[in-house]
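Working notes, structure below.
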Amino acid sequence: MDFTINTSSNSDTLDHWFNSDTQIHHLYPQSIQLLAVRHWTPLHIAKLVSQFLVPKEGVKVLDIGSGVGKFCLAGAYYKPGAIFYGVEQRKHLVAHAETARNILGLGNVYFLNQNLTQLDFKQYDHFYFYNSFYENLADTEKIDNTITCSPQLYDYYNKQLYKKLEEMPAGTRLATFHSLEGEIPSSYQVVEAYVGKLLKFWIKI
Ligand SMILES: C[S@@+](CC[C@H](N)C(=O)[O-])C[C@H]1O[C@@H](n2cnc3c(N)ncnc32)[C@H](O)[C@@H]1O
Numbered sequence: 001m002d003f004t005i006n007t008s009s010n011s012d013t014l015d016h017w018f019n020s021d022t023q024i025h026h027l028y029p030q031s032i033q034l035l036a037v038r039h040w041t042p043l044h045i046a047k048l049v050s051q052f053l054v055p056k057e058g059v060k061v062l063d064i065g066s067g068v069g070k071f072c073l074a075g076a077y078y079k080p081g082a083i084f085y086g087v088e089q090r091k092h093l094v095a096h097a098e099t100a101r102n103i104l105g106l107g108n109v110y111f112l113n114q115n116l117t118q119l120d121f122k123q124y125d126h127f128y129f130y131n132s133f134y135e136n137l138a139d140t141e142k143i144d145n146t147i148t149c150s151p152q153l154y155d156y157y158n159k160q161l162y163k164k165l166e167e168m169p170a171g172t173r174l175a176t177f178h179s180l181e182g183e184i185p186s187s188y189q190v191v192e193a194y195v196g197k198l199l200k201f202w203i204k205i
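Residue 205, in full-length UniProt numbering, is where the sequence shown stops; the numbers in between run on with no holes.
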């Protein structure tokens with residue numbers, strides 16, 4: 001496994017890209033930039049989350065519903081000794097994530113075009129969840145119309161995620177942003193909260 005720090009001659013360029021949300025959004029087309037305020041994690045949140053989810057070198061972090069990869073890319077920049085994975089059901093968003101990753105030249109971030117229900121969570125150590133099922137609720141802002149959304153799917157995904165999180169070992173870390181918490185088993189305890197409790201850090205006991 002390659003834990004190479006993102007040294008490279010690339011370092012100043014990376015610092016430049018991660019200088020602000022506006023700057024990092026320039027990696028994407030305008031249609032994607034316009035979705036950022038509602039759907040992509042702000043950099044200051046990604047920094048806090050990656051500090052919590054990477055307690056030591058070499059851990060594998062999964063972003064559950066990774067969109068265009070903003071959280072994973074920021075995590076990989078802030079924590080070069082960890083590996084970030086994103087699972088995303090929309091193929092075209094994964095393509096944007098991979099293009100951005102290649103421009104940045106980050107070697108510790110990967111994207112999977114799958115539904116999270118297909119994924120073996122035991123392959124990862126810690127998890128980030130930015131209320132990914134929200135689009136299934138009525139009258140919510142959608143990213144686009146390329147997938148089916150329904151309240152039934154909201155319940156189904158919540159139950160699937162609950163089960164997968166419950167099966168993880170004690171010590172598993174989870175960060176949630178804007179979560180309604182229906183997907184979180186009672187074995188996870190809040191250890192820190194920020195942004196008026198919209199951002200919560202949990203550890204499984
Ligand atoms: C709010 S966006 C968050 C994106 C990313 N985590 C970030 O913070 O920049 C949620 C993403 O989850 C994806 N998603 C929702 N349900 C999913 C599922 N069952 N499997 C995989 N991806 C899913 C959506 O397509 C959307 O791109």
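Idealized CB from N, CA, C, for every residue including glycine.
Practice task
Decide if Val191 is buried, meaning its Cβ has at least 16 other Cβ atoms within 10 Å, or exposed.
Solution key: exposed
Practice task
Starting from the C-beta of Val54, find all residues in its chain whose C-beta is less than 6 angstroms away, skip the five residues before and the five after it, and write them out in chain order.
Solution key: Lys79, Ala82
Practice task
Report yes if the C-beta of Gln89 is less than 6 angstroms from at least one heavy atom of ligand 1; otherwise report no.
Solution key: yes
Exercise for the section: Measure the C-alpha to C-alpha separation of Cys72 and Phe177 and round it to an integer number of angstroms. Expected result: 14 angstroms
Problem - 8 angstroms contact criterion, which Val109 and Phe84 should meet: CB distance rounded - result: 4 angstroms
Handout entry: Within 7 angstroms, strictly: CB atoms of Glu183 and Leu153
Key = no
Exercise for the section: On a CA-only basis, which of Phe127, Asp144, His16 is nearest Gly86? Give me that one, please. Expected result: Phe127
Handout entry: Whether Ala170 touches Ile205 by CB criterion (7 angstroms)
Key = yes
Problem - Alpha-carbon to alpha-carbon, Lys159 and Gly75 - result: 27 angstroms
Problem - Per DSSP, cross-strand counterpart(s) of Glu88 - result: Asn113
Exercise for the section: Below 8 angstroms CB to CB, which residues in the same chain sit around Lys121 once its five sequence neighbours on both sides are set aside? Expected result: It is worth fixing the name first, because residue 121 is Phe in this sequence and not Lys. Excluding residues within five positions, the ones whose Cβ falls inside 8 angstroms are Leu62, Phe127, Lys164, Leu165, Glu167, Met168.
Exercise for the section: Tell me, please, which residues DSSP counts as bridged to Ala193. Expected result: Lys200
Problem - Within 7 angstroms, strictly: CB atoms of Ser186 and Asn131 - result: no
Handout entry: Beta-carbon separation (whole angstroms), Ala100 vs Leu27, contact threshold 8 angstroms
Key = 4 angstroms
Problem - Residue from Leu112, Ile32, Glu98, Ser66 with nearest C-alpha to Asp144 - result: Ile32
Handout entry: Close Cβ partners of Gly67 (< 7 angstroms) along its chain, the five nearest in sequence each way excluded
Key = His39, Trp40, Glu88, Leu93
Problem - Thr22: first and last residue of the uninterrupted alpha helix (DSSP H) it sits in - result: 21-25
Handout entry: Cα-Cα separation between Gln114 and Thr13, rounded to whole angstroms
Key = 31 angstroms
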